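Protein chains in written order, with numbering that gives the first Met the number 0: chain A, 0 to 443; chain B, 0 to 175. Don't be surprised by glycine CBs; every beta carbon is placed ideally from N, CA and C. On a predicted model such as this, the values are computed, not experimentally measured, just so you know. For reference, the structure discussed in these notes is given below.
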Amino acid sequence: MGTALSRWTMAYFTAALVFLMAAQTMMAMGYGYPTVAVEAPETLVLVHTVTIGWLSLLMCGALLQFVPVLVAKPLQSEKLVLPALLCLLSGLVCLLAGFLHLAGAIETDLPLLPAAATLLPAGFLLVVIVVARTLWNVRPARLPLPARFVAIGLACLAVTFAIGALFALVLSGLLPLDLRTEGLSIHIAAGVGGWLTFTAIGVSYRLLPMFMLAPDEERAASRAVWRCGILALLCFAAAPLERLAGGFGIFGPAAAVLALAALYFYGLDLVFLYRNRKRRKLELNMKAAIGAFVAFFACGLLLPVAALTGTLEMYSGAVFYLAAFGWLTGLGLSQLYKIVPFLTWLECFGAVMGRKPTPRVQDLVAERRARLWFALYFTGVAIGTGALACAVPGLFRLASAMTLVAIGAIIVELVVSRRLLNLPERDSLPEGASRPRLFLPSAR
Amino acid sequence: MTLPPYDLDVRPILREGGEPFSVIMGAVEALAPGQSLRLLATFKPIPLFHVMGARGFDASAREIGNGDWEVIFTPAGLEAEETPKPSEPAKSGDDWPEPELEVDARELDPPEPMTRTLAAVESLPVGRTMSALLPREPLFLFEELKRRGHEWRGAFEPAGHYRIVIRAAEAQKGTS
Chain A
0 MGTALSRWTM
10 AYFTAALVFL
20 MAAQTMMAMG
30 YGYPTVAVEA
40 PETLVLVHTV
50 TIGWLSLLMC
60 GALLQFVPVL
70 VAKPLQSEKL
80 VLPALLCLLS
90 GLVCLLAGFL
100 HLAGAIETDL
110 PLLPAAATLL
120 PAGFLLVVIV
130 VARTLWNVRP
140 ARLPLPARFV
150 AIGLACLAVT
160 FAIGALFALV
170 LSGLLPLDLR
180 TEGLSIHIAA
190 GVGGWLTFTA
200 IGVSYRLLPM
210 FMLAPDEERA
220 ASRAVWRCGI
230 LALLCFAAAP
240 LERLAGGFGI
250 FGPAAAVLAL
260 AALYFYGLDL
270 VFLYRNRKRR
280 KLELNMKAAI
290 GAFVAFFACG
300 LLLPVAALTG
310 TLEMYSGAVF
320 YLAAFGWLTG
330 LGLSQLYKIV
340 PFLTWLECFG
350 AVMGRKPTPR
360 VQDLVAERRA
370 RLWFALYFTG
380 VAIGTGALAC
390 AVPGLFRLAS
400 AMTLVAIGAI
410 IVELVVSRRL
420 LNLPERDSLP
430 EGASRPRLFL
440 PSAR
Chain B
0 MTLPPYDLDV
10 RPILREGGEP
20 FSVIMGAVEA
30 LAPGQSLRLL
40 ATFKPIPLFH
50 VMGARGFDAS
60 AREIGNGDWE
70 VIFTPAGLEA
80 EETPKPSEPA
90 KSGDDWPEPE
100 LEVDARELDP
110 PEPMTRTLAA
120 VESLPVGRTM
130 SALLPREPLF
140 LFEELKRRGH
150 EWRGAFEPAG
160 HYRIVIRAAE
170 AQKGTS
């Protein structure tokens, strides 16, 4: 479909899902935290498989498809998209292998971490160029609010991979610095809070009204989320500098309060959008997304409680897990369940639309079956969070096995919809319809 | 005509809350020259009369009980589809004729607004126009219109929706 369908988005999604399955398998087998320490190389393997392999590739693929929709402009420099994917994949393999080397699992003299410190920033930079140029194209008009969230997300991504590259050089002994305490907190906050969460919120402001037929105008609460969120990020970035300068330590708590305020306003927006939707019957993607939003707000409650009671150290693993798997993965999987069939439908029937009878998008999915998988997934995440909070590694492995099965089944559902297997007329498509490939761009 | 009418019952689709427009247009595509279409629906499909009228079909409708309707679309003349009426005098430099049908897709889920709009465009004779009210700027639709060679003009309306007027180009069968 020319420029309206991003050619490589499905390849990004496929790679992301492969890494998600890999991470879930590690967790179910007891690899990394909580079996070993948070800062152990094994945990670094697991965490980066999740954050770069799954969440960042998913987010990049989604942005390449949806930023043009957010700003009503075609994607710029589309030819950089495939090189970006190749850099990201090879960089991530180097990074994971480098961590495995640190863990003593592999013997090699290859400069794996320096290679990762080159390839990953290169890949992310290419994605940033493509998306930022597309956003830039809106001038002189003002960016719509969801796109402004994405712009901040991109800036945070740049901070995250820049610090990450420094870490890789420090760990390989090329840089004689100790960044662990201050650098690490910014790396995590910019990555999970700025890049992944801020961008997800921005995209949700467009996807939710679209899929629920809810009012699409810019609301005061959304602007409050935007302002509080940015201030929270700035305060968070200022906190380590303040510590170095020996200040009063005001920026850390200020960041937390502002982040909570942003979360509160986001909650108001979500309730408004769900209440004022014109589509009465919710589709599965919007029902499953509620699980993700609940997890997001649970994180927002648990973090301050843990901080105030001085138990942050003890519960940070559980909160991080809930943010990564309840909120970000929950939202990602639930929206993939709508986006993949939708893009498949457009790819397949776009050419004959209006000329021949076409099935509905919903005919490509079997929600009754998939509902079970999403229920299993969120149950697993809830048990996993509890297991981490109560420090029961055996139960955590069991919960991870549940989420592994659920994700595997959801992936099968996505493949089934891409292969049109739920369509009764799959063997007699109307003339002119084109059968989509699993994840490579179609010839059309 | 010696051919029996083509029967199409869209009542099951309507009762399930589905959208039969594309099915109907598919049936129209499948009609033999001179063949009529006998349609069964759960209401009197007045918007369809315009669409079918533009394609050169006369409509006769009768209620058949339970609130259901039977409509028979008969081809009015074979040349009707190919000869557009002379367009109306240009209004303030505008050489496009007034839209002859309007699709209101403001409250439909994607991709239904796009499907309905394209179905309506494909039902138009060359050079005629139709308009559609859409929930947002239709980026995917633009792409498909470009591909099919139709021209369009569009803008956001004060109420927040997007109004597009499309002029039908020569039909391009199959994929482009």
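query                                                                                                                 : result
Assigned exposure category for alanine 40 (chain B) - 16 Cβ within 10 Å defines buried                                : buried
Cβ-based burial, glycine 152 (chain A) [other Cβ within 10 Å; buried from 16]                                         : buried
Bridge-paired residues (DSSP) for methionine 285 (chain A)                                                            : Paired residues: none, contrary to the question.
Burial state of methionine 313 (chain A), where buried means 16 or more other Cβ atoms lie within 10 Å                : exposed
Within-8 Å CB hit, valine 102 (chain B) to chain A                                                                    : no
Where glutamate 216 (chain A) meets chain B, residues with beta-carbon distance less than 8 Å                         : Gly159
Cutoff 6 Å; reference alanine 164 (chain A); Cβ partners in own chain excluding five residues on either side          : Ala116 and Pro120
Three-way DSSP call (helix, strand, coil) for alanine 40 (chain B) in this model                                      : strand
Beta-bridge partners of aspartate 108 (chain B), as assigned by DSSP                                                  : According to DSSP, which records beta bridges pairwise, aspartate 108 (chain B) is partnered with nothing at all.
Cβ-Cβ distance between alanine 167 (chain A) and leucine 95 (chain A) below 8 Å                                       : no
Distance between glycine 64 (chain B) and glutamate 282 (chain A) (C-alpha atoms, nearest Å)                          : 34 Å
Chain-ordered chain B contacts of methionine 9 (chain A) [CB-CB under 8 Å]                                            : Per Cβ cutoff of 8 Å: no residues; methionine 9 (chain A) is ~16 Å from chain B at best.
Residues that valine 22 (chain B) contacts on chain A, provided the C-beta gap is smaller than 7 Å                    : Pro356
Beta bridge counterpart(s) of tyrosine 5 (chain B) as assigned by DSSP                                                : B:Leu36
Below-8 Å beta-carbon distance, glycine 60 (chain A) vs any chain B residue                                           : no
Cutoff 8 Å: aspartate 176 (chain B) Cβ touching any chain A Cβ                                                        : What the structure shows of chain B is the stretch from 0 to 175, and residue 176 (chain B) is not part of that stretch, so it cannot be assessed.
Counted within 10 angstroms of its Cβ, other Cβ atoms place tryptophan 53 (chain A) as buried (16 or more) or exposed : buried
Run of the beta strand (DSSP E) containing methionine 129 (chain B), from where it starts to where it stops           : 128 to 133
Inter-residue Cα distance where the pair is threonine 128 (chain B) and isoleucine 165 (chain B)                      : 5 Å
Phenylalanine 48 (chain B) vs alanine 3 (chain A) beta-carbon contact at 8 Å                                          : no
Cβ shell of glycine 1 (chain A) (< 6 Å), same chain only, five flanking positions each side left out                  : In this predicted model, glycine 1 (chain A) has a pLDDT of only 41, less than 50, meaning its place in the structure is not dependable; the value taken from the coordinates is given anyway. Nothing meets the Cβ criterion.
The ligand MG heavy atom lying under 7 Å from the CB of alanine 150 (chain A)                                         : The model on display carries no ligand, and the ligand MG is accordingly not part of it.
Chain B contacts from the stretch 189 to 216 of chain A (Cβ-Cβ distance under 8 Å)                                    : Met209, Phe210, Leu212, Asp215 and Glu216
Below-8 Å beta-carbon distance, lysine 286 (chain A) vs any chain B residue                                           : no
Distance CB(serine 122 (chain B))-CB(alanine 53 (chain B)) smaller than 8 Å                                           : yes
Candidates A:Gln75, A:Thr133, A:Ser171 and A:Ile162, of which the one nearest threonine 107 (chain A) by Cα           : A:Ser171
Contact between the stretch 216 to 229 of chain A and the stretch 87 to 106 of chain A (3+ Cβ pairs under 8 Å)        : no
Beta carbon proximity, arginine 135 (chain B) to chain A, threshold 8 Å                                               : yes
Coarse secondary structure for leucine 91 (chain A), derived from DSSP in three states                                : helix
Sequence-distant residues of its chain with Cβ nearer than 7 Å to asparagine 275 (chain A) (five each side left out)  : Ala213 and Pro214
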